[in-house]
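Asks: Before anything else, here's the structure in question.
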Amino acid sequence: MMMTKRLISKLLVFFIYLTTILSIQAADITEGLIGYWPLDGNAKDESGNNYHGELDGKVKWEANGRVNGGARFDGKGSHIKVAQKDLMPKTLEFTVVTWINGHKAQDWAAVVSARGTAKQAYWMGYRPDDTLAYVWNNDSKETWDWQGSIKIPQDTWALIAVAIGKTKATAYAYTAATKKLAIAENKIAHIEQAPSNFVFGKDDCCGQRFYQGILDEVMMFERTLNKDEIMRLATIGLNVESKNKLATSWGQIKEVHGSN
Numbered sequence: 015m016m017m018t019k020r021l022i023s024k025l026l027v028f029f030i031y032l033t034t035i036l037s038i039q040a041a042d043i044t045e046g047l048i049g050y051w052p053l054d055g056n057a058k059d060e061s062g063n064n065y066h067g068e069l070d071g072k073v074k075w076e077a078n079g080r081v082n083g084g085a086r087f088d089g090k091g092s093h094i095k096v097a098q099k100d101l102m103p104k105t106l107e108f109t110v111v112t113w114i115n116g117h118k119a120q121d122w123a124a125v126v127s128a129r130g131t132a133k134q135a136y137w138m139g140y141r142p143d144d145t146l147a148y149v150w151n152n153d154s155k156e157t158w159d160w161q162g163s164i165k166i167p168q169d170t171w172a173l174i175a176v177a178i179g180k181t182k183a184t185a186y187a188y189t190a191a192t193k194k195l196a197i198a199e200n201k202i203a204h205i206e207q208a209p210s211n212f213v214f215g216k217d218d219c220c221g222q223r224f225y226q227g228i229l230d231e232v233m234m235f236e237r238t239l240n241k242d243e244i245m246r247l248a249t250i251g252l253n254v255e256s257k258n259k260l261a262t263s264w265g266q267i268k269e270v271h272g273s274n
């Protein structure tokens, strides 16, 4: 009887471990990650690619961001320049994700933008009607003047993202207070682009276009994230050490249940 209980216990532990491994292998959220800026008192890139940012203006560090600290932008000029000479993704699939708590200071304000090349630009931010839009396809009006996108939550914690793919782009906004995810799709073809000169908190195009409020956990991926992945980032977060933590967890399981 004792042997049977021990066998069942070991099989149960093994099943849990195997399920965890398969889950992580099937959906490694860090796949395609090219930049990750936690904004915890500095603008360092923690993805391992060293696309570090530098402060320009009066960015202030907030102790209480969405995850640890965050960066506060005044809407009057404060912004963060990111690896201006190095971060130049050449890609068709592209996703930018970040937590926000604030609002636009002006129409067409950018949360993240890249205007290094005249046409091959990137921008994610506010249309005049406060909907979430983006720039792609050689600055095509079909992207930045996209009608029917979702409203960007104002002055509350929200995770926003635009996931660009070959046949459509999807806008997401998850509001932490309501735990609801809003989604809209722009069903147009997209082409490969190579944006450069990334900036957080403003758009380098066309006069003053500043974001006012807190940004936290800025992430960039050279792939198109799906709804489940966006929800995972909104509710669990980005774990850049998932494999190490899995090994640690398995070691703890063996300590509790024994290895014999």
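Every number in the working numbering is 14 more than the matching position in the sequence shown, counting from 1.
The C-beta atom is built at its ideal place from N, Cα and C for all residues, glycine as well.
In this text the structure is predicted, and so the values were computed from the model without any measurement.
1. Where does isoleucine 244 sit, in a helix, a strand or coil, going by DSSP?
2. Restricting to Cα atoms, I'd like to know which of Thr192, Gly215, Ala177, Ser154 is closest to glycine 46.
3. Could you pull the DSSP bridge partners for methionine 233 from this structure?
4. Can you tell me which of the three DSSP states lysine 155 falls into?
5. Which residues does DSSP pair with arginine 86 in a beta bridge?
6. Could you check whether aspartate 59 and glycine 49 sit closer than 7 Å to each other, using their CB atoms as the reference points?
7. Measure the CB-CB distance between leucine 229 and alanine 85 and report whether it falls below 7 Å.
8. How about valine 73 and serine 61: are their beta carbons less than 7 Å apart?
9. Give every residue of the same chain whose Cβ lies closer than 6 Å to the Cβ of tryptophan 122, excluding the five residues on either side of it in the sequence, and list them in chain order.
10. With DSSP as the reference, please indicate the residues paired to valine 125 in a beta bridge.
11. Sorted by chain position, which residues of the same chain lie with C-beta nearer than 7 Å to asparagine 152's C-beta, five sequence neighbours on each side aside?
12. Distance check for proline 52 and asparagine 78, CA to CA, integer angstroms please.
13. In terms of DSSP beta bridges, what is lysine 118 paired with?
Replies: Result, derived from the coordinates:
1. helix
2. Ala177
3. Tyr50, Val111
4. helix
5. Lys74, Ile228
6. At a Cβ-Cβ threshold of 7 Å, glycine 49 and aspartate 59 count as neighbours.
7. yes
8. no
9. These residues qualify, in order along the chain: Arg223.
10. For valine 125, which the question treats as bridged, DSSP gives no partner whatsoever.
11. Lys133, Gln134
12. Going by the C-alpha atoms only, they are around 12 Å apart.
13. The beta-bridge partner set that DSSP reports for lysine 118 consists of Tyr225.
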